[in-house]
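S.K.:
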Amino acid sequence: MKLSTNWINEHCGSKFTSSELVNQLTMSGVECEIIKQKNNKIIKFDITPNRADCFSVRGIVNELIAMGLIKQRKRVSQSAKVEHDSILKTKIITPKDCPVFATRIIKNINSSARTPKDIKDKLKESGYKSINIIVDLTNYVMLTLGQPLHAYDLKYINSPMVVRKAKKKESIALLDGSIKILNENYLMIADQNNLLGIAGIMGGLNSSITDKTKNIAIESAYFNPETIMGCPRELNLHSEASLRFERGVDPTIQVEAIEVFTLLLNKIAGGENGPINTQIAQKHTPKNKTINLRKNKIKNILGITIPNAKIVSILKNLKMNVKENDFGYQGWSVIAPSYRFDINDECDLIEEIARIYGYDNITESIENEPSTFINESNRLKNKKDLYNIMNALGYSEVINYSFVSPVMNDLNQSKIGHSMDLQNPLSIEMSVMRNSLLPGLINNLMHNLKRQHKNIRLLEIGKVFTGTKNKIIESEKISALIYGL
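Heads up: the sequence shown begins at 1324 in my numbering, then just goes up one per residue.
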């Protein structure tokens, strides 16, 4: 992602230099660099997959707030005037894949309106080519808020709009000119007659916006990241929308994004707005859980004592809900904001505290506390003794992946229960959890035989996985293989 320094400063109400922004953000763990200089410097951000919240100007500004470099500014939410009652009827067939889906019909747009130079320059600096006012504003809002939008030419939609899985061997012509043959894994946007787009990835050519489009349907959705993940790679079809939907967008800003888009469009190109039609499947909408954060746990992990007031200040600057609690220990109950999918447990919170407090402020010396030695368990001792005995008999220890192919899993004739399939495997060769150590040892044997080894003795102690569709049972097994003399 690329953003201009001026655009960031515009949203945080400050005048940081590009170097100041890069230095501060890099120290907080957001890797970035200055890549271009003309009248305005451009910063390129290398966002890690777990920090999808940073894929926007708002996300970067939130980081500056978290570091205490700027103060939180109260957001003033505005709603566009509703001038007609037409809505686009929608039907969500698979709410688990699409928990939030919002649309609005906007009529009588001035199709001759042009994108203002200010917006066009920001898009160009971020690597986007100006297309037309409608498409440009969808990209502008996505870069501003982090929420991808998609606009359809209303005259090509036969209501209702349907969110469903593709049928086997369905095909669609896309905006980039490519034609994709689909299978049941892909989530689609469709109407009564046609496919309109691949959800979260790219829209279809048949309903695309042109310079003559006057009536549109604007879509803003939250798609389950697990549904989108892997599909762009399979289709060889990566987009800015898929980059964000694969990692997860804020499930609470879909309506806000439509309102921001509508206000900008009305200001530049007019248009008459209908009400926003929103469908929310609360059961499937992600909700951040309450995490109990213990003061002594912070000290134990970081090795230093951070004042309580400082901890609370850091958490609140990260826009977390913080409450003192009494669960048998001193600490806080914390709820992360809706856009922080990466905050799942106490250690994640402590990592955030360390990141914002500053790793350079965490001393290398650990505070003096009495050392406690824990006796080695009998189980671990027996395992070590077994390894030593087998090693003395000429066996070499191997450690194999727990992921194998279905064919290799079928070698276990005594398998019990269901096959433990991975939801998003890297390949068919690593698509199921092993139910035996045998497949790995056979692969090890073949590897050694191809290298002219004649006498082979191998040993593995590891976990195997069996069970039912609803419950996985892990058990530790020992297996040995001998070949030759």
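Just so it is clear, CB atoms sit at the ideal spot from N, CA and C, and this is done for glycine as well.
Work out the CA separation of P1555 and R1774 for me, nearest whole Å.
M.R.: The straight-line gap from Cα to Cα measures roughly 38 Å.
S.K.: Report the rounded CA-to-CA distance for L1460 versus N1684, giving the unit in angstroms.
M.R.: Going by the C-alpha atoms only, they are around 43 Å apart.
S.K.: So, does the stretch 1461 to 1478 touch the stretch 1632 to 1641, judging by three or more C-beta pairs under 8 Å?
M.R.: Cβ pair count under 8 Å is below three, so no.
S.K.: With H, G and I counted as helix, E and B as strand and the rest as coil, what does DSSP make of F1339?
M.R.: If DSSP states are grouped into helix, strand and coil, F1339 belongs with coil.
S.K.: Per DSSP, what kind of secondary structure is A1522 in: helix, strand or coil?
M.R.: Three-state result, A1522: coil.
S.K.: Quick check: the stretch 1384 to 1398 against the stretch 1561 to 1578, are there 3 or more CB pairs under 8 Å?
M.R.: No, the stretch 1384 to 1398 does not touch the stretch 1561 to 1578.
S.K.: Tell me the rounded alpha-carbon separation between G1382 and V1353.
M.R.: Between G1382 and V1353, the C-alpha separation is close to 11 Å.
S.K.: With H, G and I counted as helix, E and B as strand and the rest as coil, what does DSSP make of Y1479?
M.R.: Y1479: helix per DSSP, three-state reduction.
S.K.: Less than 7 Å between the beta carbons of G1571 and F1664, yes or no?
M.R.: Cβ distance < 7 Å, so G1571 and F1664 count as in contact.
S.K.: Tell me which residue opens and which closes the beta strand (DSSP E) that K1503 is part of.
M.R.: Taken as a continuous stretch (DSSP letters only), the beta strand (DSSP E) holding K1503 covers I1502 to I1504.
S.K.: Can you tell me the Cα-Cα spacing of I1614 and E1386, whole angstroms?
M.R.: Distance between the alpha carbons of I1614 and E1386 is about 21 Å.
S.K.: Rounded to a whole number of angstroms, what is the C-alpha to C-alpha distance between G1651 and L1616?
M.R.: For G1651, the pLDDT reaches just 49, beneath the cut-off of 50, and the residue's location in the model is therefore unreliable, although a value from the coordinates is still provided. The straight-line gap from Cα to Cα measures roughly 12 Å.
S.K.: I believe K1364 touches E1595 by the beta-carbon criterion, under 8 Å. Please report the beta-carbon distance rounded to the nearest angstrom.
M.R.: About 40 Å separates the two Cβ atoms, so there is no contact after all.
S.K.: Of all the beta strand (DSSP E) runs that stay within the bounds of the stretch 1339 to 1395, which reach a length of 3 or more residues?
M.R.: Fully enclosed beta strand (DSSP E) runs of 3 or longer: 1354 to 1360 and 1364 to 1369.
S.K.: Would you report the Cα separation of E1752 and T1438, rounded to the nearest angstrom?
M.R.: Rounded to the nearest angstrom, the two C-alpha atoms are 50 Å apart.
S.K.: What does a CB cutoff of less than 6 Å around K1445 pick up in its chain, not counting 5 residues either side in sequence?
M.R.: Result list for K1445: W1330, in chain order.
S.K.: Roughly how many angstroms lie between the CA atoms of S1400 and E1579, to the nearest whole one?
M.R.: Going by the C-alpha atoms only, they are around 8 Å apart.
S.K.: For I1410, which residues of its own chain have a beta-carbon under 7 Å away from its beta-carbon, when the five flanking residues on both sides are left out?
M.R.: I1428, G1597, P1598 and N1600.
S.K.: I need the straight-line Cα distance from K1325 to C1377, nearest angstrom please.
M.R.: K1325 and C1377: Cα-Cα distance of roughly 12 Å.
S.K.: Taking C-alpha atoms, which residue in S1700, S1661, E1675 and L1781 lies nearest to I1712?
M.R.: The option with the nearest alpha carbon to I1712 is L1781.
S.K.: Let me know the secondary structure DSSP gives A1715 once reduced to three states.
M.R.: Residue state, collapsed to three classes: helix.
S.K.: Mapping DSSP to helix, strand and coil, what is H1407?
M.R.: H1407: coil per DSSP, three-state reduction.
S.K.: Which of the three DSSP states is assigned to I1796 in this structure?
M.R.: I1796: strand per DSSP, three-state reduction.
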